[in-house]
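For reference, the structure is listed below as C-alpha cells.
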RNA sequence: GCGCCCGUAGCUCAGUUGGAUAGAGCACCAGAUUCCUAAUCUGGGGGCCAGAGGUUCGAAUCCUCUCGGGCGCGCCA
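Right under this line is the structure:
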C-alpha cells in the first residue's frame, strides 16, 4: 500500500520544478513510513523537512506546496500537514478493501516480489566442522540462515544455500584417530583415551559401524610404546602418526573419510528434520584436489599481492585495511586455513554468484576484513562479501550454564533441543532476537513455559480461523466469497480497521526484514497480527445472521489466515489447522 | 594495548536506516465467556534509553569520550 503514497508524492513533486534539484538527492519512498499513532493517519512523509534545508524554505511551506499538487483519487480520504512539516496521509476504506482482495487473489504469493535475475546470492551458513553433532549454537545459525534465505527469495532474489564442509586439516586426523581407538576398544585393545581426542559417545557409534575391512588389530603395548608424557596435544599427534604408520596412509584415510561422511550425513539429516536444507555441500578437500587454492594463489601472485619473508609466503592484507599481513603458505610448505578461505570465496565469485553472504559466529569478526581483502586483491569488490555475525547462544538448565565443547563430548545437541521444545518453538525462538544480541536459551524455561511461547499464540490465531470455518460448516452455512468481497464496506468496527491496517503492512515487513537480514521484524509483526485477530475475535462474532456482514468478515479473517500462514512459512514454522 | 558487538521497564527483548507522547512478552494488580477453541481478551502500575558532551528543526538511533559486559587479535582450524 505504500506504493500508493509513493506514487502520489512523486506525481506531486513532478509538478514542482523548483524542487527538482533538491529532490534528486533523496529517495521519496524512504521518506514514507507507517505512522505509530492512528491520529497521524496511515502513512506519513517527512519529505518536506528533508527538502527544507537544501531549498532554504520553511518545511511547512514546502509541505503545503506539495499537498496542493497531489492528484485527486479515491485512494486517499485526506491529507494533513502536521507538526514541523509532516505530511500525513489518511487512506480510504476502499484502498484497504483493494488490498484485502489482493491478499485473497494472491494467497500464498501475497507479500512476495517478482523474481529478478540479479544479483545472484550465495548464502553460506552453519558450516560447522564435521567432527560431531550440531549443538544448540549451530541451531541458531541454521534457523537464522534458513529464514534469511526465505526472506531473500520472497523479495525476488535468486539465492542458493551452501554448507562449507571443513573436511581438511588436523581436526580430521584427530577425528580419524579417535574413531580408530574406539574401534580398537571393540576389538579388546584398550588404552587410556587421549584427552585431546573426540570423546563424545557418537564416536563409539561410528566406530562400531565402521567398515574396517582387513585392518589389523594392534596391541595396547604397541600403541602406548613411545608415547610422550604430559602435553595432550603431543600425545594426540603421536597417536595420529602411529595410526598412519600402522594402517598406512590409505588405511587411515579410509577410516577418516568414513567417520567424516558419517557425521556429515548425520548433520544433514538433523538439519533436514529442522527444515533447513542446502543446495550445495562444498568440501574443503575439493579445493585442494581441484587445485583451487593454487589457482587463487597464482592470481594473487600475478597481481603482486604476495611476497616471501622468513621462508613463508605472505598476503599483503594491510593494503586492504587489515592490521597486519597474513601468511598463506607456511615455512613448512603447508597452506594456511586462510589460503583456502580466500580460494573458497574467490571460487564462489567465479561460480557466478554476485553477492556472497556468510553467516558466521561472532568470534570470526577478526577475519572478515582479510577475506574481503582477498576478494579485492583478486579483482572483485570487498563488499561483494557480506558477513552477518551471530552472537553466541548460552545454554542454561535452570541457573546452570552448560559448557559446549565438541572435544569433551559434554554439550547439548540441536537434536536434543528439538526433541525437548519442538521444531516450531526452536525455529521461532532462535530468530526472535537480533543476530547481534546474545541469546540465553534456558531449556527449563523453554519447556515449562512452552504454552506461553509466542509461537503458540500465533499458531493459535491460525487454528482459530480454521476453526471458524469448521464451525460454519457444522451450522450448514456457506461462505459466499463474492458477496463478501462486495460488502467489505460493512467492516467498520475499530478492530476490523486495525486488523486490515496491520495485514496490509505485511509486504513492507517482508521487505524490511529481508533488506536488514532481520527476521525478528517478521516475528514481532506476526505477533501483532495475532493480537489484532484475537482482539477482534473476542469483540465480535464472525458467524452472524446478516449474511452480507458475515461474508465480509469471513473475507477479512481469511486474509488474516493467509498472512499468518505466509509469514510462518518464511520462519519455517508450521501453521496448524487445529491445536 | 588495539579492533568488533552489546548496555532500553523487576526479567527477556523490540524499536521500521534521524521523526511526532518510548513499545511488547513474562511477572504483579483488577476485570471479561448463556455465543465461532480461555493456548483468548480488556484495563492498570512500572523508564535519567549506562553516563557526559557534540551534530540539527528533531537523537534510544549518528560522532567523540568515560564506565560496564561479551568476543577477537597465530606460520591453529
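Residue numbers (our numbering): -18 to 560.
We put the beta carbon where it would ideally sit given N, CA and C, even for glycine.
If you look at residue 86, you'll find it in the alpha helix (DSSP H) that goes 74 to 87.
Straight across, the Cα-Cα distance linking residue 208 with residue 190 is about 28 Å.
Selection 119, 448, 167 and 408 evaluated against residue 518 yields 448 as nearest (Cα-Cα).
By the neighbour-count criterion, in which 16 or more other beta carbons inside 10 Å mark a residue as buried, residue 246 falls on the exposed side. One thing to note: residue 355 has its Cβ within 9 Å of the Cβ of residue 326. Assigned with DSSP and collapsed to three states, residue 550 falls in helix. Remark: three or more beta-carbon pairs, one from each stretch, lie closer than 8 Å, so the region 33 to 51 and the region 64 to 76 are flagged as touching. Secondary structure note for residue 63: it is in no alpha helix (DSSP H), and the uninterrupted beta strand (DSSP E) holding it is 57 to 63. Within the same chain, and ignoring the five residues on either side of residue 88 in sequence, the residues whose Cβ sits closer than 8 Å to its Cβ are 543. Between residue 501 and residue 374, the C-beta spacing is not below 9 Å. By the Cβ test, the region 148 to 162 is not in contact with the region 458 to 470, since fewer than three Cβ pairs between them sit closer than 8 Å.
For residue 144, the beta-bridge partners assigned by DSSP are 262. Less than 9 Å divides the Cβ of residue 128 from the Cβ of residue 503.
DSSP places residue 91 outside both helix and strand once states are collapsed to three, so it counts as coil. For residue 26, the enclosing beta strand (DSSP E) starts and ends at 24 to 26. Counting along the chain, the unbroken beta strand (DSSP E) around residue 294 starts and ends at 293 to 296. In this structure residue 83 does not touch residue 495 by the C-beta definition: roughly 19 Å separates them, more than the 8 Å allowed.
Closest in C-alpha terms to residue 150, from the list 316, 534, 475 and 202, comes 316.
The residues 268, 273, 274 and 277, in chain order, have a CB closer than 6 Å to that of residue 324 in the same chain once the five nearest residues on each side in sequence are set aside. Residue 400 holds the alpha-carbon nearest to the alpha-carbon of residue 116 among 552, 400 and 204.
Per DSSP, the continuous alpha helix (DSSP H) segment holding residue 455 begins and ends at 435 to 455.
Here residue 59 is exposed. Its C-beta has fewer than 16 other C-beta atoms within 10 Å. When 423, 467 and 403 are compared, the shortest CA-CA separation from residue 437 is found for 403.
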